[in-house]
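Chemist:
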Amino acid sequence: MAKKSISELRNTYLNSERRFLEGPRSRRRELLFSFKVFFEFLKGFRALHFVGPCVTVFGSARFNEDHFYYQEAVKMGAEISKIGFTVITGGGPGIMEAANKGAFEAGGRSVGCNIVLPHEQHENPYVQKSVEFRYFFVRKTLLLKYSYAFVIMPGGWGTMDELFEALTLIQTGKMQEFPVIIFGKEYWKNLIELIDDMVNKQTVSPEDLRHLLITDSVEESIEHIKKYSIKKFGLKRRKRVNAIAWLGEIVNWKKHK
Numbered sequence: 329m330a331k332k333s334i335s336e337l338r339n340t341y342l343n344s345e346r347r348f349l350e351g352p353r354s355r356r357r358e359l360l361f362s363f364k365v366f367f368e369f370l371k372g373f374r375a376l377h378f379v380g381p382c383v384t385v386f387g388s389a390r391f392n393e394d395h396f397y398y399q400e401a402v403k404m405g406a407e408i409s410k411i412g413f414t415v416i417t418g419g420g421p422g423i424m425e426a427a428n429k430g431a432f433e434a435g436g437r438s439v440g441c442n443i444v445l446p447h448e449q450h451e452n453p454y455v456q457k458s459v460e461f462r463y464f465f466v467r468k469t470l471l472l473k474y475s476y477a478f479v480i481m482p483g484g485w486g487t488m489d490e491l492f493e494a495l496t497l498i499q500t501g502k503m504q505e506f507p508v509i510i511f512g513k514e515y516w517k518n519l520i521e522l523i524d525d526m527v528n529k530q531t532v533s534p535e536d537l538r539h540l541l542i543t544d545s546v547e548e549s550i551e552h553i554k555k556y557s558i559k560k561f562g563l564k565r566r567k568r569v570n571a572i573a574w575l576g577e578i579v580n581w582k583k584h585k
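Each residue of the sequence shown is one higher than the one before, starting from 329 at the first, in this note's numbering.
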């Protein structure tokens, strides 16, 4: 039997999740899918266990290196790494690549959580270690799990989903009150107006926004992370721990230029 191509395997993974979301299936199929999700979580736990503490940078995959926000994301990644955090992104192009590039070129650690898509999304060249996921919800959970702050650069549906997921988990007490930074006042102006309107209509409490920063400044973002991540939670640089390769833990990091 001929081996499936990478493209065929990606489509198989995509169809697996699509079929799961179509409604109830046989008990056997639901159980098998549960095992797949379990092992995907386990793979992520082992790979990311020693990479932190992290700051996750979310943003569009569609900006090229000439774009203003790409260049700002490079600065953001560099400055985050300088205060001792690993920069973790979705591992793809655009803002994700930019943040990874900034961390990598500044001598910091750069990690990507890549997603299997029908149109292949390869890891960007500035990721020192990449973990590939089939399921969006597993990937998103792990991007949240290992981070002590979240930077929301300009982006689309996926970026907004990640923003509101983080805010909801913080609001409901399911996650610590880590800082969330919305970067790009002009880009996000309509969203900011909507958030203000939610507060005015009392669907969101003013207290829910106490660690939310809306800014155009990389420097202000870094100070916010220092205040509400490092000082508040007493974070220190973690000692380098010897990872174990056969457990799937990250052993080898791509060397800096």
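Every residue gets a Cβ at the ideal spot worked out from N, C-alpha and C, and that includes glycine.
Which class does F363 belong to by DSSP, given the choice of helix, strand or coil?
Modeler: Start at 1 with the first residue of the sequence shown, and residue 363 comes out as number 35. DSSP places F363 in helix when its eight states are reduced to three.
Chemist: Are the Cβ atoms of A389 and G422 separated by less than 7 Å?
Modeler: Translated into positions along the sequence shown, residue 389 becomes position 61. Translated into positions along the sequence shown, residue 422 becomes position 94. Yes, Cβ-Cβ distance for A389 and G422 is below 7 Å.
Chemist: Would you tell me roughly how many angstroms separate the C-alpha atoms of E548 and E407, rounded to the nearest one?
Modeler: Residue mapping note: residue 548 aligns to position 220 of the sequence shown, counting from 1. Residue mapping note: residue 407 aligns to position 79 of the sequence shown, counting from 1. Each residue's Cα considered, the two are about 11 Å apart.
Chemist: Taking the beta strand (DSSP E) that Y476 belongs to, which residues open and close that run?
Modeler: Working through the sequence shown from its first residue, we reach residue 476 at position 148. Where Y476 is concerned, the enclosing beta strand (DSSP E) stretches over 475 to 480.
Chemist: Do S533 and T384 have their C-beta atoms closer together than 7 Å?
Modeler: As a working mapping, residue 533 is identified with position 205 in the sequence shown. As a working mapping, residue 384 is identified with position 56 in the sequence shown. Not in contact: S533 and T384 (Cβ atoms no closer than 7 Å).
Chemist: Give every residue of the same chain whose Cβ lies closer than 7 Å to the Cβ of A494, excluding the five residues on either side of it in the sequence, and list them in chain order.
Modeler: Counted from its first residue, the sequence shown places residue 494 at position 166. For A494, where only same-chain residues beyond five positions count, the Cβ hits under 7 Å are L472, F478, V508.
Chemist: Between I558, H377, R353, G405, which has its C-alpha nearest F386's C-alpha?
Modeler: Locating residue 386 in the sequence shown gives position 58, where the first residue counts as 1. Measuring from the Cα of F386, the nearest candidate turns out to be G405.
Chemist: If contacts are defined as beta-carbon pairs under 8 Å, then S438 and V455 qualify, I think. What distance do you get, rounded to the angstrom?
Modeler: Residue 438 sits at position 110 when you count from the first residue of the sequence shown. Residue 455 sits at position 127 when you count from the first residue of the sequence shown. Confirmed, about 6 Å.
Chemist: Under 7 Å Cβ to Cβ from F432, same chain only, skipping five residues before and after it: list those, please.
Modeler: Taking the first residue of the sequence shown as position 1, residue 432 is located at position 104. S438, Y454, Q456, H584, listed in sequence order.
Chemist: Could you tell me whether the region 388 to 403 touches the region 516 to 535, using the rule of 3 or more Cβ pairs below 8 Å?
Modeler: The region 388 to 403, when compared against the region 516 to 535, does not touch it at the 8 Å Cβ threshold.
Chemist: My assumption, with CB atoms under 8 Å, is that I553 sits in contact with K513. Please give the rounded CB distance.
Modeler: Walking along the sequence shown from the start, residue 553 turns up at place 225. Walking along the sequence shown from the start, residue 513 turns up at place 185. The Cβ separation is near 18 Å, so there is no contact.
Chemist: My assumption, with CB atoms under 8 Å, is that N452 sits in contact with N428. Please give the rounded CB distance.
Modeler: Sequence index remark: in the sequence shown, residue 452 carries index 124 (1-based). Sequence index remark: in the sequence shown, residue 428 carries index 100 (1-based). Sure, about 6 Å apart at Cβ, within 8 Å.
Chemist: Within 10 angstroms of its Cβ, does P352 collect 16 or more other Cβ (buried), or is it exposed?
Modeler: Indexing the sequence shown from 1 puts residue 352 at position 24. Exposed, since its Cβ has fewer than 16 Cβ neighbours within 10 Å.
Chemist: Is the beta carbon of Y463 sitting closer than 7 Å to the one on A426?
Modeler: Residue mapping note: residue 463 aligns to position 135 of the sequence shown, counting from 1. Residue mapping note: residue 426 aligns to position 98 of the sequence shown, counting from 1. No, the pair does not count as a contact, with Cβ atoms beyond the cut-off.
Chemist: So for M329, helix, strand or coil by DSSP?
Modeler: Mapped onto the sequence shown, residue 329 falls at position 1. Per-residue confidence for M329 stands at a pLDDT of 45, beneath the threshold of 50, marking its modelled position as unreliable; the derived number appears in the next sentence. Of the three classes helix, strand and coil, the one that applies to M329 here is coil, per DSSP.
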